[in-house]
Structures are given as C-alpha cells and as structure tokens.
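Before any comments, here is the structure.
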Amino acid sequence: MEDLLLHCSAPRSPVTFLERAADVYGDQVSIVYGTLCFSWRETHQRCLRLASALAQLENISRGDIVAALAPNIPALYELHFAVPMAGAVLSALNVRLDATTLAAILEKLEAKFIFVDYQFVHVVHKALEILSPKQGKQPLLVLIQEYDQEAAPVADEFCPVSIKYNDLLGMGRTDFEIVKPNDEGDPISVNFTSGSTGEPKGVLYSHGAAYLNSLASILRYDMGVAPVFLWTVDMFRCNGWCCTWAMAALGGISICIRNVSAKVIFDSILRYSVTHLCGAPAVLNMIADAPSREQRPLPCKVHVIIAGVLPMTQVLKVEGLGFTVSYAYGMTEVLGPAIVRPWRPERDSCLSNEHRKDKFHEALRRLLIEEIDVKDPDTMKSVPRDGKTIGEVMFRGNTLMSGYLKNPKATQEAFKEGWYRTRDLGLIHPNGAIQLKDRAKDIIVSGGEIVSTLEVEAVLLSHPKLLEAAVVGKHDDCLKEKPCAFVRLKEGNGASCEEIVKFCEEQLPNSMVPRTVVFGELPVNSTGKVQKFTLREKANTIHSIMSQPCAEP
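If you use full-length UniProt numbering, the sequence shown corresponds to residues 1 to 553, in order.
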C-alpha cells in the first residue's frame, strides 16, 4: 500500500507566503517605516536580491546560520524571508543583550553573517573581541544603516564592517532560484530563550512548524482581511510571534517602528488605521497610562494581544479607550503564544468588573495545536477536571520546537512521552478551560496552602499607585514559606507597607497576603523578565516584617 502512495514534493514553508503575496498583492503596501514605503512586489524582489547576495558572498550552505541584531525595522523583516530563501537559518537576537551574553550566543551559533543595526555595532564588536580567541574565522559583519531620518533622526556612526546592507542588496539578482527546504522539518530559525532559569538556550523552529503557526496566528489574533500590524512586539521574540510570516500570508501592512512609546502607538494608529498590535504587559500599560495629551481617538477597532499577567484595572482602562484586549499564553518552545483568550463583547460587556476579574485567567483553550493538557508529571495522567487539582501544563502537536541547538540533553528533558513540559502549573475546570497557577519553581506552599504568585501579583498590580510587582516565597519556620512582595511605585506616588498589605487583605485569602513589602526597582534580565531568583535571595535576608522603606526615594 505505502509503495503506491506519493510523498509530498513541496514541503510547507512560510517563504511561500511571500511568493504568493508578490503575485496576489503585488502593488499593495507591505511595509511602512516613517517616510519609507514598499509594496509586496518590491519586498519580494528585495528579499530575492538579498538571498542571492548571501549565496554569492559567502557561499551559504543549507543549515548555515545568519544572525541579526536590529530593532523592528524593514531590514529585519526582509531577513525573515531572504535568509531561508538562501537555504540558511535566521537567528534574530535580543537588542538588549550585553556583550558577554551576546558573545556566548554567537559562539553557539557559529554564524557566517551578522547583520547589525548601526545603533548596536559597538556591542557586536565588543562581543566579537571576547569571542575572537575561541573562534577562528570571524563572521562577515553587515551594517544596516538608517534610511529614514523621520523614523530615527540619528546620524550613522563609522565602525569597521565587512559590507553595508544596501550595498549587499545591490549585489544580488531578482532571478535568484530560491533554495527550498528538502523537508519541512528543516530548520528555518533559532530563537533564544530569556535565560530566566539559566543560560539562554537556542530553540530551533522548522519550516513546517513556522508555516502552520503563522496560519494559526491569523486565526488566534482574529486578523481578518487586510490587517495593519503595528510592530510593538519584538521580531526577535519567536520571530515576532510568527507575525512576520503571517502578514505576508494575508498581504497585510507592517508598520515598523524603532522605538515603542504611548505617543508612537497612538500616532501610528491614527495615521495608518492600525488594526492589531501585540507585546508584553508593558505595552498595555503604555496605552492605559498614556497622558491625555498623547491619546488619540481610534479610527477603527484595534486588537491588542498581550502575553503576561494582565491587571484587570489596566485592561478595563484600555477597553474604555476603545481597544479590544486578548490574553495570550505561550513560550519560545511553542513558537510564541499558543493559546489565546479573546475578549468577546457579547460575553464580557455584560459581566460586572468583579466577575470579569474572576474569569479573566480561566478561559485558556487550545487553538490549532494538537493538544494541551494538565497532567501529573510523574504518572503522565490527566488531572481531574474539578477546578482544584493542580498539575503541569503540557503541549503536544506539530507547532512545537524541533529541539534546542547543540543541546540534546536539554531537548530530551523538555519532552516526556511526546509531550512538551512547560514547567507551568495549572488546573482544569469542568468546562475544559485551563487556569494557570504559576511556574513550578515560583509556586509558594504556605502552611499546606498553595499560593499562586501570579494571582497575588495581579492583585498588587491593580493598586492604583503600583507600577510593577513581583512576589516570591520567603522562608518561614512555622509555615515553610510566606509571600513576600517587591513593588515599584508609579512616579510621583508614595505608599506605606501597611497600605499595600491592607489592600491585599481586602481581596485575597489570608494565606496569600504578603506581609513583607519591599519598595524599589525590580531586577530584570535582557528580555525584561523579573529575575525572581535574585528576589528570593533578597527576601530571605529580610528578618523583620514590614521593615522596608515605605516609599521610593
């Protein structure tokens, strides 16, 4: 029987989205960046030339890695297609990395090219200096110059580079024959984890997984026809949550921006009729806390998709401005957000604010991923759907990572019986909705009670004077652990420890109320994630409850 079946001769790849876009949406706008504007036909031709030049200059082979360090500018978008067109693998790197961390990552990558935006040339040079004793041949350094002064009126600085981006484009040909993947399991990109639990790991995405997840993103984010996407989520985060490729599939418009601020968000929405934007909770806070002088009326409905803890007070403020908000859950290993809780007017508008607070984190369901479940990690049995039993959230499907770059041990540990282990704890309600509780390493057990730091943080962040909050377990001789809160006040605000504790007492069970409150800046890593291991160490050096300063200086 199998001898009579034909195998697929055209492996799925998101590169095909651009080829189709050039045919179907050729004259329509693909990218806007300040005064710069490209059509889909022009974007396709530029990517072909870039792929051709890569193949000419360094004889790129299948599987070779090309690194890029740049903000959300057109060049980085083009590299998402041009690099795989040449048969290579793209690794878009975090622009907030220090030279030492960047050197360690470049050592793992062994990249043949490094594309670097002019703002980050110096950190790349420092990283290469650190790396040079360990590595033989240096990668070719391609300088991405600023070609729109309205977008960022900063003069280019001279730095030694191998070649400039536009010169490289000029070397290429538009009749270049695309190097298609032999198999859809071939790698298309490497994305690095934040390193919040250790050193960053390179996560390999396949052509097939990227293709499927790009289409899934269109449905998850309700993109519809002709979306206008404002790039507030970093392209180095899971290839911009796969929206780089999704926009080509839809023939939508990408509004590229170098820096994100409330003013840029509102001005872009008004100027370009933006329909979608994504990002971390900081993006939501920018919109919610924008001064009235920076706010603009919305010309159309704008969908905001946020991954992270969302304070309901901020969500309600943003919805009050006319936005719709969705909560996304995922991680680098599942190609970004894998499940989304969309806001539905017919359902949510009729709920009281308090009721919505209770329901907001419960409506996580899978969409276009084979399975998501909550299991006992020892027995691998699903936990009862009783809304009480806690287990580990796990994924299974064909939109997961292929594995960790040059780290087979970590890859093996990440999977069990075909399931990806998130190390996140959750429970399942009778209706099948999954409620996240916490990271396994962050959960607090206080006197036998399980305390979710995420739930305590959500309450803290609803306090009108608090800008940031993180909760960790503090050792206690009697209860084993107690919640300890680290908070940062909004500018110009003052508060006492007693005020914060009382606020929590009004909304949380006694076991979840943090009795120790520490004010100040929160330590974060290069991706902006709070370093809770640092806070845990600090919490256990605090001997007297509520003895910390009660306001920021």
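A virtual CB, placed ideally from N, CA and C, is assigned to each residue, including glycine.
CA-to-CA distance, residue j to residue i, given in whole angstroms
i	j	result
Ala67	Lys490	37 Å
Thr379	Cys484	33 Å
Trp241	Gly336	5 Å
His516	Lys502	Sequence check: residue 516 is Thr here, not His. Cα to Cα, the separation comes out at about 12 Å.
Asp267	Pro299	11 Å
His355	Gly185	Low confidence applies to His355: its pLDDT is 43, below 50, so where it sits in the model is not reliable enough to give any reading.
Val302	Thr324	6 Å
Pro200	Glu371	27 Å
Asp23	His80	19 Å
Leu109	Thr193	14 Å
Arg20	Ile130	43 Å
Ser217	Arg536	36 Å
Glu481	Glu319	37 Å
Asp395	Val451	With the sequence shown as reference, residue 395 is identified as Phe, and Asp is not the correct amino acid for it. Spanning the two alpha carbons is a distance of roughly 24 Å.
Asp386	Glu42	55 Å
Leu140	Lys532	38 Å
Tyr211	Arg12	6 Å
Leu168	Gly520	47 Å
Ala338	Gly330	5 Å
Lys538	Val471	12 Å
Glu455	Lys437	7 Å
Val374	Asp98	37 Å
Thr35	Val124	28 Å
Asn259	Asp234	10 Å
Ala152	Tyr118	Residue confidence for Ala152 is low, a pLDDT of 46 falling below 50, so the modelled location carries little weight and cannot support an answer.
Trp231	Ala249	17 Å
Ser446	Asn540	15 Å
Cut-off 6 Å between Cβ atoms - residues of its own chain near residue i, not counting five sequence neighbours on either side
i	result
Ala290	Ala262
Ile178	Met85
Asn213	Cys242, Leu335, Thr399
Trp419	Met394, Arg396
Contacts around residue i, its chain only, beta-carbon distance under 7 Å, and the 5 residues preceding and following it disregarded
i	result
Asp376	Val383, Gly391
Arg271	none
Glu294	Ala262, Lys263, Phe266
Gly308	Ala280, Pro281
Ser352	With a pLDDT of 44 at Ser352, under the threshold of 50, the modelled position of this residue cannot be trusted, and the question is left open.
Pro181	Pro11, Ser13, His207
Cys238	Asn191, Thr332, Leu335, Gly336
Same chain only: Cβ atoms within 8 Å of residue i, ignoring 5 sequence neighbours per side
i	result
Ile545	Note that Ile545 scores a pLDDT of 45, beneath 50, so its modelled location is shaky; the value from the coordinates is reported in the next line. Cβ within range, chain order: Arg515, Thr516.
Ala155	Because the pLDDT of Ala155 is 40, which lies under 50, any placement of that residue in the model is unreliable, and the question is left without a value.
Glu78	Thr43, Arg46, Cys47, Leu50
Leu93	Ala67, Ala68, Leu69, Leu102, Ile105, Phe192, Phe236
Presumed contact (8 Å Cβ cut-off) between residue i and residue j, rounded CB distance
i	j	result
Pro281	Ala458	At roughly 11 Å, the Cβ-Cβ gap does not stay under 8 Å, so Pro281 and Ala458 are not in contact.
Gly473	Ile444	4 Å
Ser91	Ser9	So it is not a contact: roughly 29 Å between Cβ atoms.
Val304	Leu277	6 Å
Gly172	Ala53	4 Å
Run of the beta strand (DSSP E) containing residue i, from where it starts to where it stops
i	result
Thr324	323-331
Tyr205	202-206
Leu436	434-439
Ala338	336-341
Phe113	113-117
Arg515	Where Arg515 is concerned, there is no enclosing beta strand (DSSP E), given that its DSSP letter is neither H nor E.
Phe533	That residue, Phe533, is in no beta strand (DSSP E); its alpha helix (DSSP H) goes 532-539.
Ile305	302-307
For residue i, the first and last residue of its enclosing alpha helix (DSSP H)
i	result
Asp167	165-171
Glu457	453-461
Met247	243-250
Ile105	99-109
Met312	312-320
Ala410	408-414
Ile130	121-131
Phe503	497-505
field: Runs of alpha helix (DSSP H) wholly within the stretch 3-85 (minimum 4 residues, chain order)
entry: 15-24, 40-58, 74-85
- prompt: Whole beta strand (DSSP E) runs in the stretch 259-291 with 3 or more residues, listed along the chain?
  reply: 276-279
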